[in-house]
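Just below is one structure, and these are the notes that go with it.
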């Protein structure tokens, strides 16, 4: 290396000496010598050009050799580090090996997938001590990928009321079977208390077992080392220490969730754990998204509130999450999202109006809003939120059908005028306090009728948990002999109940839907029978008896 430095210096010195000699030799007078001077200048410039070419060649050669030396040093350093790491971890599982194995499994399942992105250690230097902290703890999940929409819901431990179950119920309530196969809902439990995380996973598994087993619902949490030391944060924007910690942690939570979701679908929708969704929200969302798919935008808005209902292309999530991580301590996440727009399209030399117009082109708004904020108690201790989206409008809480004439009766205690008669006529929903064993709802038809199909839907988007559980659908054939023949038939799937009724179906996930076989026709009465006490209330939002 020292030889090349001396050689390079000598070349520069010689070139400088030639130039200096030429300058000193130029005469200061005599117009008659101009042509001679120009000829001399040309010759000496030619010599200088030749010398410059030789210098460039030498510099290129030196640079190439420097690259080779650098590669050799790096390879030696890498080998040394590898040897040291192998020796240090002889008695333990090597973290790199574990991460490698989990990434390989990640080709087929989300288990073990690291969310490491370039520059992440720069923004979160404490992670260098615990590289395994970027592997999510997957509590529930089947590794679903390739869906159209991924929905991310961060949730935290709240001092007051939790809205998580009702939020999930609202999102799942109106989905069709085909829609359920094409989405993924990720619940990110943003806590490091393993017992609490497990309790949330158990709560979700108990309330939505079908969705968990199918892979529609996932529950993940961060490593205990993911979060930095919040006690050293500086107070900014006039916020208290607690608020700065709250908003910083929120930025980290959303970033983690985005990075985890980035390779699981085409679009990503950011939600919160205290919202409700409009009925048929997913169909409306995808119709609008398909219309806007070919246009340039950063995100689509399906709610005007904060970060709720913002849809991104998953291909943009690494850039967005890196921006959030870069300024995690500085501002709230909805402000940072607006700053991304500013950086992308605003010209500092133009006015605010022009900037807002440019930002609007990357932020497209759908109306009416498809999500409404319902939580009163914020995740920030002591904060009350009275946020409501004015564009959400009224919610459809029941569905009307034309049903055959019948005399209605029930043992359930009706709440505030939400009667059985009104839901049967399509005027309201039926709502009653917690059912107990042997409670019933009875439909006595004025004359025997042929029923081709029945549908009873319990719960609605506002009260998605108020469903009928362990409840059967039973019919009374107009001819007693028909029941005997149907029950005793060789291929019979019917069960005989009390008072001449036959059990033909039951509620699954809050819905009873089926057909009545011809062997039982015509039908004189139909009833719903509860077979166990229920802790929640019961709500019927739809009754269809098709003749």
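Residue numbers (my numbering): 321 to 867. Think of the CB as a built atom: it goes at the ideal place given N, C-alpha and C, for glycine as much as any other residue. Since this is a predicted model, take the numbers as computed values, not measurements.
- When DSSP reads this structure, residue 751 sits in a beta bridge with 859.
- When rounded, the separation of the alpha-carbon atoms in residue 441 and residue 447 is 6 Å.
- Counting only residues of its own chain and dropping the five nearest sequence neighbours on each side, residue 787 has a CB closer than 6 Å to the CB of 778, 779, 830.
- Assigned with DSSP and collapsed to three states, residue 615 falls in coil, not helix or strand.
- By a beta-carbon distance limit of 8 Å, residue 529 does not contact residue 444. Their separation comes to about 36 Å.
- The beta carbon of residue 757 is closer than 7 Å to those of 850, 851, 852, 853 in its chain, skipping five residues each way along the sequence.
- Counting other Cβ atoms within 10 Å of its Cβ, residue 552 stays below 16 and is therefore classed as exposed.
- Here the alpha carbon of residue 793 sits roughly 14 Å from the alpha carbon of residue 730.
- When DSSP reads this structure, residue 539 sits in a beta bridge with 460, 507.
- For the pair of segments examined, the segment 621-632 was found not to touch the segment 713-731: the number of CB pairs separated by less than 8 Å stays below three.
- The C-beta distance from residue 486 to residue 719 rounds to 20 Å, too long to meet the 8 Å contact threshold.
- Rounded to whole angstroms, the gap between the alpha carbons of residue 484 and residue 668 is 42 Å.
- Rounded to whole angstroms, residue 834 and residue 771 show a C-alpha spacing of 10 Å.
- For residue 679, the enclosing alpha helix (DSSP H) covers residues 672-682.
- Secondary structure at residue 659: helix, using DSSP grouped into helix, strand and coil.
- Excluding residues up to 5 positions away in sequence, 472, 627, 630 lie with their Cβ nearer than 6 Å to the Cβ of residue 590 in the same chain.
- Residues of the same chain with a CB within less than 6 Å of the CB of residue 815, apart from the 5 flanking positions on each side, are 823 in chain order.
- According to DSSP, residue 473 shares a beta bridge with 507.
- Where residue 597 is concerned, the enclosing beta strand (DSSP E) starts and stops at 595-597.
- Here residue 840 is near residue 795, since their CB atoms are less than 8 Å apart.
- It is roughly 7 Å from the alpha-carbon of residue 750 to the alpha-carbon of residue 742.
- When secondary structure is reduced to three states using DSSP, residue 525 falls in the helix class.
- Counting only the Cα atoms, residue 691 lies some 7 Å from residue 622.
- Judged by pairs of C-beta atoms under 8 Å, the segment 455-466 does not touch the segment 562-569, as fewer than three such pairs exist.
- By the C-beta criterion, the segment 530-541 is judged to be in contact with the segment 494-509, since at least 3 inter-stretch pairs fall below 8 Å.
- Rounded to the nearest angstrom, the Cβ distance from residue 650 to residue 687 is 32 Å, too far for a contact under 8 Å.
- Residue burial annotation: residue 578 is buried, with at least 16 other C-beta atoms found within 10 angstroms of its C-beta.
- For residue 630, the enclosing beta strand (DSSP E) starts and ends at 630-633.
- For residue 467, DSSP records a beta bridge to 585.
- For the alpha helix (DSSP H) assignment, the uninterrupted runs of no fewer than 4 residues enclosed by the segment 758-827 are, from N- to C-terminal side, 800-808.
- If you look at residue 740, you'll find it in the alpha helix (DSSP H) that goes 740-745.
- Contact annotation, residue 859 with residue 783: C-beta distance approximately 5 Å; criterion of less than 8 Å satisfied.
- One Cα belongs to residue 713, the other to residue 597, and the distance between them is close to 12 Å.
- Residue pairing from DSSP places residue 693 in a beta bridge opposite 595.
- Around the CB of residue 605, 16 or more other CB atoms lie within 10 Å, so the residue is classed as buried.
- Shown here for residue 439: same chain residues with a beta carbon closer than 7 Å to its own, the five before and five after excluded, namely 642 in chain order.
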